[in-house]
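Student:
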Amino acid sequence: MSSFESIVELITANLFGQVAVLIGLIAIVGLALQRKPVEQVVAGGLRATIGVVVLNIGVEIFVGGLVSFQAIVASAMGLRPPTSDATLTEFGSGVGSVVPLIIAGGFVVHLVLVRLFRAARFVYLTGHLMYWMSVVIAASLVEAFGDVNRWVLAAVGSLLIGCYWVLQPLWTAPLMRKVMGNDDVGLAHTDSSIAIAAGYGAKALRLGDPRRHDSEQLRLPRALSFFKDINVSTAFVIGAIMLVAILFADGGVVTEQMGDADVLPVVWALLQALRFAAGIAILLFGVRMFLSEIVPAFKGLSERALPGARPALDLPVTFTQAPTAVMIGFLASTVTFLVLMGLFAAAGWFVLVPPMIMLFFGGGAGGVFGNAVAGWRGAVFGGVLNGVVLGFGQWIGWGVWGGTAPELATLADADWFVVGWALRWAGGPLSALGVAGLWLLAAVVVAATVAVLLLLGRRLPAADAPAAPVPTSVADAAPVAAVEPGAVRTTTRPETLSVLAVCGAGMGSSLILRTTAQRALADLGVPAELSHSDVGSARGQRADVVIGQPTYLSEVGEIAPLSVPITSFVDVAHVRERLQDALVEKGWL
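FYI, the working numbering numbers position 207 of the sequence shown as 478, with every residue one higher than the one before it.
#1: Could you work out which residue in Pro-371, Glu-361 and Pro-308 is closest to Ser-277 when comparing CA atoms only?
#2: Taking DSSP's pairing of strands, which residues face Glu-800 in a bridge?
#3: Exposed or buried, what is Gln-311 when buried is set at 16 or more other beta-carbons lying within 10 Å of its beta-carbon?
#4: Per DSSP, which residues does Cys-774 bridge with? Please list them.
#5: Beta carbon of Arg-764, beta carbon of Trp-666: below 9 angstroms?
#6: Shorter than 8 angstroms, the distance from the beta carbon of Trp-620 to the closest heavy atom of the ligand HEM, or not?
#7: Does the beta-carbon of Trp-422 have 16 or more other beta-carbons within 10 angstroms, so that it is buried, or is it exposed?
#8: Quick one: what does DSSP say Ser-839 is sitting in, helix, strand or coil?
#9: From Ala-391 to Asp-454, what does the alpha carbon distance come to, in whole angstroms?
#10: Taking 9 angstroms as the threshold (C-beta atoms), are Phe-590 and Pro-582 in contact?
#11: Look up Ala-583 in the DSSP assignment and say whether it is helix, strand or coil.
#12: Go through its chain and collect everything with a Cβ distance to Glu-755's Cβ below 7 angstroms, but skip five positions before and after it.
#13: Would you call the region 593-602 and the region 620-638 in contact, with 3 or more CB pairs under 8 angstroms?
#14: Let me make sure I understand the geometry here. Which of Asp-533, Asn-657 and Cys-434 has the alpha-carbon closest to that of Ala-469?
#15: Given that a residue counts as buried once 16 or more other Cβ atoms are within 10 Å of its Cβ, and exposed if not, what is Trp-669?
#16: Thinking C-alpha only, which one of Leu-727, Phe-608, Leu-661 and Gly-557 is nearest Gly-322?
#17: Which ranges does the alpha helix (DSSP H) cover as unbroken runs of at least 4 residues, wholly within the region 647-719, from first to last along the chain?
#18: Would you check if the distance between the CB atom of Asp-794 and the CB atom of Val-843 is smaller than 9 angstroms?
#19: With DSSP collapsed to three states, give me the class of Phe-621.
#20: Please work out which residues of its chain come closer than 6 angstroms, Cβ to Cβ, to Leu-727, disregarding the five sequence neighbours upstream and downstream, and give them in chain order.
#21: Distance, Cα to Cα, Glu-826 vs Ala-576?
#22: So the alpha helix (DSSP H) Gly-472 belongs to, where does it begin and stop?
#23: If you scan the region 508-586 from start to end, which runs of the alpha helix (DSSP H) of 4 or more residues do you find wholly inside it?
#24: Using DSSP's beta-bridge definition, name the partner residues of Val-394.
#25: Please report the straight-line C-alpha distance between Leu-446 and Pro-536, rounded to a whole angstrom.
#26: Which residues in the same chain as Ser-339 place their Cβ atom closer than 7 angstroms to its Cβ, once the five residues preceding and following it in sequence are excluded?
#27: Could you please give the first and the last residue of the uninterrupted alpha helix (DSSP H) stretch that includes Ile-783?
#28: Within 10 Å of its beta-carbon, does Pro-308 have 16 or more other beta-carbons around it, so buried, or fewer, so exposed?
#29: Just the Cα atoms here: how many angstroms apart are Glu-564 and Ala-319?
#30: DSSP state of Val-644, grouped into three classes?
#31: Between the Cα of His-381 and the Cα atoms of Leu-396, Gly-367, Leu-281 and Phe-507, which residue gives the shortest distance?
#32: Quick one: Cα of Ser-429 to Cα of Ile-373, how far?
#33: Identify every residue that forms a DSSP beta bridge with Ile-818.
#34: Can you grab the Cα-Cα spacing for the pair Gly-329 / Arg-849, in whole Å?
#35: For Val-344, collect the residues of the same chain with a Cβ closer than 7 angstroms to its Cβ; drop the 5 residues on either side in sequence, then sort them by chain order.
#36: Pop quiz: Arg-695 and Glu-414 are said to be a contact at Cβ under 8 angstroms. What is the actual Cβ separation, rounded to whole angstroms?
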């Protein structure tokens with residue numbers, strides 16, 4: 272390996288391979304470019320980094336449970352994974368060793384396109400998926416064109432993946448706006464195909480109304496009301512599936528997965544379910560923490576280095592918006608895949624292996640984006656769609672990458688199939704041209720990307736035009752609304768008020784204030800959903816009303832249209848008075 276390749280691999284492993292470091296550096300640079308005080312730069316960078324570390328800890332906890340879940344379920348159904356002469360490990364140590372070059376070169380191409388074109392407004396920041404999509408592209412090109420020069424493979428792969436990183440957040444942007452409620456962040460995840468198919472598919476099928484059927488507003492019978500708590504419902508459902516699977520799984524497989532655990536298999540299964548739920552809770556906390564720092568910090572880069580750019584982040588940033596939809600999508604995806612496992616086995620087509628990690632993240636994507644368009648029915652649709660894609664994708668993908676890295680089929684997200692199969696399909700006829708065919712493929716993709724960016728750029732002036740002034744009263748809103756109906760926000764109170772109580776740690780006084788405020792709002796006859804949070808996590812959330820001590824509201828008051836300072840957290844009369852005065856002044860009472 273040349274010294275140049277060693278340097279590139281070093282940078283790739285320590286920067287792109289360490290998302291916490293990358294996010295932390297971006298936060299520090301962004302805050303420094305805004306000339307923030309040193310203490311704010313340091314604190315913001317550390318909070319962003321710690322948030323990603325917390326997120327990764329959550330992922331590690333529940334992914335470990337998913338791996339055990341996968342092995343036990345496969346054993347319970349009497350299935351064994353397919354085998355092949357080629358392996359992903361051999362590919363990585365051979366031709367696939369160009370992957371670090373593709374990542375580094377692709378990120379340069381990506382940043383150049385973001386800098387040159389206004390429409391390319393998102394910077395892709397999901398490091399581990401940078402790696403995996405680079406592997407998919409390299410394997411697909413080798414499958415289509417055979418043994419090619421490593422530098423040509425690296426150059427063409429860089430151009431292709433640079434274009435993908437530019438376009439992927441753009442084609443999900445309209446749906447991300449529905450999910451997140453704003454354009455502050457984009458989506459950088461290789462399940463974007465599922466997100467799009469779930470969102471637009473649910474809309475085309477008119478499956479439901481996103482407000483009336485919102486998964487987060489589901490009304491359950493009193494006996495099942497505990498399912499509204501995402502942590503409780505996760506532990507309950509995963510625990511039930513694990514207990515059933517253990518009854519039918521091979522004892523040796525169960526013992527192997529239990530490792531050194533000195534408990535009964537039933538108890539171990541319940542503990543795994545609880546760990547899974549805890550992992551999800553930690554993940555969501557980490558997302559809120561780093562999101563609250565990276566979005567404002569990114570404004571520095573947007574203003575100075577990459578005008579108009581915004582961060583495109585990993586899929587879990589959407590999970591905080593609709594956690595119930597995540598669980599619905601995951602369950603629908605898992606049930607669908609298990610049904611397909613039985614069908615494939617009965618028909619003798621292919622031995623499917625349950626890819627629990629992809630079922631969770633892809634199912635979560637389908638759930639969140641389907642819910643944003645059609646409520647819980649859309650979430651079910653998105654989950655089923657992901658299960659079908661992963662099932663048939665494994666079957667077809669095993670043959671597509673059979674000569675290089677067939678395991679990609681069982682590890683894949685939806686975009687892996689789309690991009691990999693497209694390259695194989697396009698590379699077939701072009702392979703007769705040899706190296707020239709590779710360059711022609713890259714030229715066509717780059718030209719198409721530039722054409723899309725130019726076309727989108729022409730629409731930007733109208734889309735980015737200053738919005739009409741927001742009226743301060745209903746009287747002010749009337750004349751404007753007569754000119755352009757629906758374009759002006761009125762002072763009408765939301766049907767159900769979302770209220771967020773904040774404190775320093777998010778565990779003590781904010782919980783007390785939440786309880787007191789709930790009683791106060793009930794006395795006022797105002798329907799409301801209340802939650803509590805620490806100040807750091809609150810920066811990444813949105814609410815109708817935020818309440819807390821005045822010192823904390825000065826930091827997070829901008830997250831809500833109405834902020835109400837509270838000085839006595841246990842005095843219901845005091846809290847009721849402060850809320851009543853604020854709601855009356857706002858025109859919401």
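Backbone N, C-alpha and C fix where the C-beta goes; we use that ideal spot for every residue, glycine too.
Tutor: In brief:
#1: On the sequence shown, position 6 is the one that residue 277 refers to. Nearest of Pro-371, Glu-361 and Pro-308 to Ser-277, Cα basis: Pro-371.
#2: Reading the sequence shown from its first residue, position 529 is the one you call residue 800. Answer is Ser-769, bridged to Glu-800.
#3: The sequence position of residue 311 within the sequence shown is 40, counting from 1. Flag for Gln-311 reads exposed.
#4: Numbered from its first residue, the sequence shown carries residue 774 at position 503. Cys-774 is bridged by DSSP to Asp-805.
#5: The residue given as residue 764 occupies position 493 in the sequence shown. The residue given as residue 666 occupies position 395 in the sequence shown. Going by C-beta atoms, Arg-764 is not nearer than 9 angstroms to Trp-666.
#6: Within the structure as shown, the ligand HEM is missing, as the structure has no ligands at all.
#7: Stepping through the sequence shown from its first residue, residue 422 is reached at position 151. It counts as exposed.
#8: Numbered from 1 along the sequence shown, position 568 holds the residue referred to as residue 839. In the structure shown, Ser-839 sits in coil (DSSP, three-state: anything other than H, G, I, E or B).
#9: To locate residue 391, count along the sequence shown from 1; it is residue 120. To locate residue 454, count along the sequence shown from 1; it is residue 183. Between Ala-391 and Asp-454, the C-alpha separation is close to 13 angstroms.
#10: Within the sequence shown, the letter at position 311 stands for residue 582. Within the sequence shown, the letter at position 319 stands for residue 590. The answer is no: Cβ separation not under 9 angstroms.
#11: Residue mapping note: residue 583 aligns to position 312 of the sequence shown, counting from 1. Residue state for Ala-583 is assigned as strand, using DSSP reduced to three classes.
#12: Position 484 of the sequence shown, counted from the first residue, corresponds to residue 755. Note on Glu-755: pLDDT 35, under 50, position unreliable in the model; the coordinate value appears next. Around Glu-755: no qualifying Cβ.
#13: yes
#14: Counted from its first residue, the sequence shown places residue 469 at position 198. Nearest option by C-alpha distance: Asn-657.
#15: In the sequence shown, residue 669 corresponds to position 398, counting from 1. The residue is buried, with at least 16 neighbouring Cβ atoms inside 10 Å.
#16: For the purposes of this step, residue 322 is taken as residue 51 along the sequence shown, with counting starting at 1. Per the Cα distances, Gly-557.
#17: 679-682 and 685-701
#18: Looking up residue 794 in the sequence shown gives position 523. Looking up residue 843 in the sequence shown gives position 572. In this structure, Val-843 lies closer than 9 angstroms to Asp-794 by Cβ.
#19: The sequence position of residue 621 within the sequence shown is 350, counting from 1. If DSSP states are grouped into helix, strand and coil, Phe-621 belongs with coil.
#20: On the sequence shown, residue 727 is found 456 positions in, with the first residue counted as 1. Result list for Leu-727: Ala-390, in chain order.
#21: Start at 1 with the first residue of the sequence shown, and residue 826 comes out as number 555. Start at 1 with the first residue of the sequence shown, and residue 576 comes out as number 305. Cα to Cα, Glu-826 sits roughly 26 angstroms from Ala-576.
#22: As a position in the sequence shown, residue 472 is number 201, starting the count at 1. Residues 463-475.
#23: 522-529 and 536-575
#24: Numbered from 1 along the sequence shown, position 123 holds the residue referred to as residue 394. DSSP output for Val-394 lists Pro-582 as bridge partner(s).
#25: Here residue 446 refers to the residue found at position 175 when the sequence shown is read from its first residue. Here residue 536 refers to the residue found at position 265 when the sequence shown is read from its first residue. Those two C-alpha atoms are separated by around 43 angstroms.
#26: As a first step, residue 339 must be located in the sequence shown, where it is residue number 68. Cβ within range, chain order: Gln-528 and Gln-543.
#27: Sequence index remark: in the sequence shown, residue 783 carries index 512 (1-based). It spans 780-795 - the alpha helix (DSSP H) in which Ile-783 sits, taken as one unbroken run.
#28: Within the sequence shown, the letter at position 37 stands for residue 308. Classification for Pro-308: exposed.
#29: Position 293 of the sequence shown, counted from the start, is the residue given in the question as residue 564. Position 48 of the sequence shown, counted from the start, is the residue given in the question as residue 319. Cα to Cα, Glu-564 sits roughly 6 angstroms from Ala-319.
#30: Working through the sequence shown from its first residue, we reach residue 644 at position 373. Helix, per DSSP.
#31: For the purposes of this step, residue 381 is identified with residue 110 of the sequence shown, where counting begins at 1. Out of Leu-396, Gly-367, Leu-281 and Phe-507, Leu-396 has the C-alpha closest to the C-alpha of His-381.
#32: By one-based count along the sequence shown, residue 429 stands at place 158. By one-based count along the sequence shown, residue 373 stands at place 102. Ser-429 and Ile-373 have their C-alpha atoms some 5 angstroms from each other.
#33: The sequence position of residue 818 within the sequence shown is 547, counting from 1. Paired residues: Ala-772 and Val-835.
#34: Position 58 of the sequence shown, counting from 1, holds the residue named residue 329. Position 578 of the sequence shown, counting from 1, holds the residue named residue 849. Rounded to whole angstroms, Gly-329 to Arg-849 spans 38 angstroms at the Cα level.
#35: Indexing the sequence shown from 1 puts residue 344 at position 73. For Val-344, the CB contacts under 7 angstroms within the same chain, skipping 5 residues up- and downstream, are Ala-516 and Pro-625 in chain order.
#36: For the purposes of this step, residue 695 is taken as the residue at position 424 of the sequence shown. For the purposes of this step, residue 414 is taken as the residue at position 143 of the sequence shown. That pair is a contact at about 6 angstroms.
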